[in-house]
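Letter by letter, the sequence shown follows residues 128 to 264 in my numbering.
The beta-carbon is built from N, C-alpha and C at its ideal position, and this holds for glycine as well.
Below is one structure, written out as structure tokens, with a few remarks after it.
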Amino acid sequence: SGLEANAMHMQKMRSRLLERITTGLEDSTGKTDISRVNGPLNADQRLPNTLSIGLKGVQSGRLLADIGEVVACSAGSACHSSSGPTMSYSAILKAMNVPPEFAVGTLRLSVGPNTSLEDVDFAADVIVKEATRQLNT
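Shown next, in the form of structure tokens:
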């Protein structure tokens with residue numbers, strides 16, 4: 128059905144986004160422990176259109192300020208909002224046992240049925256570039 132096809136497409140785009148961010152940060156920093164998926168380890172147990180990823184050593188509020196004009200994303204969890212570069216992290220992320228060093232760098236990204244590989248690659252490249260810049264300052 129169309130709904131199943133959309134879900135499969137979004138899951139593929141979400142997985143590609145995760146892979147591009149993870150490998151991009153590993154390549155640019157030489158470290159393998161920079162990113163962490165927030166939520167079930169089994170990708171099939173996560174929403175097909177949403178990626179919550181924690182970036183260790185990154186302040187998500189600051190990252191959003193730097194990339195918000197070119198990549199649509201949010202900081203923290205859907206149930207929490209805060210402004211400024213020194214945001215705290217949500218009770219939702221705490222309840223999910225997200226370590227604080229990843230929680231303060233959490234980005235929430237969504238894809239849709241019309242999201243293309245080019246969209247995902249562009250967003251991942253922008254996120255990696257700015258996160259790496261933040262990590263190196």
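Ignoring anything shorter than 3 residues or poking outside the stretch 135–182, list the beta strand (DSSP E) runs there in chain order. 162–164 and 177–182
Looking at the unbroken beta strand (DSSP E) that takes in SER187, where does it start and where does it end? Within the sequence shown, residue 187 is the residue found at index 60, counting from 1. Careful: SER187 lies outside any beta strand (DSSP E), inside the alpha helix (DSSP H) at 187–194.
Once DSSP output is grouped into helix, strand and coil, what is the label at ALA230? Against the sequence shown, residue 230 aligns to sequence position 103. Helix.
Which same chain residues, not among the five before or five after LEU152, have their C-beta less than 6 angstroms away from its C-beta? Working through the sequence shown from its first residue, we reach residue 152 at position 25. So the qualifying residues of the chain are ILE161, SER162 and VAL255.
Is LEU190 closer than 8 angstroms to GLU257 when the C-beta atoms are compared? Counted from its first residue, the sequence shown places residue 257 at position 130. Counted from its first residue, the sequence shown places residue 190 at position 63. Yes.
Any idea if VAL198 is buried or exposed, counting beta-carbon neighbours within 10 angstroms, 16 or more meaning buried? Position 71 of the sequence shown, counted from the first residue, corresponds to residue 198. VAL198 comes out buried.
For THR264, count neighbouring C-beta atoms within 10 Å of its own C-beta (all shown protein chains included) and say buried if the count is 16 or more, exposed if not. Residue 264 sits at position 137 when you count from the first residue of the sequence shown. Flag for THR264 reads exposed.
C-alpha distance - GLU73 paired with PRO226, whole-angstrom precision: Residue coverage of the chain in this structure runs from 128 to 264, which leaves residue 73 outside it and unanswerable.
Kindly indicate which three-state DSSP category ALA202 falls into: helix, strand or coil? The residue given as residue 202 occupies position 75 in the sequence shown. DSSP places ALA202 in strand when its eight states are reduced to three.
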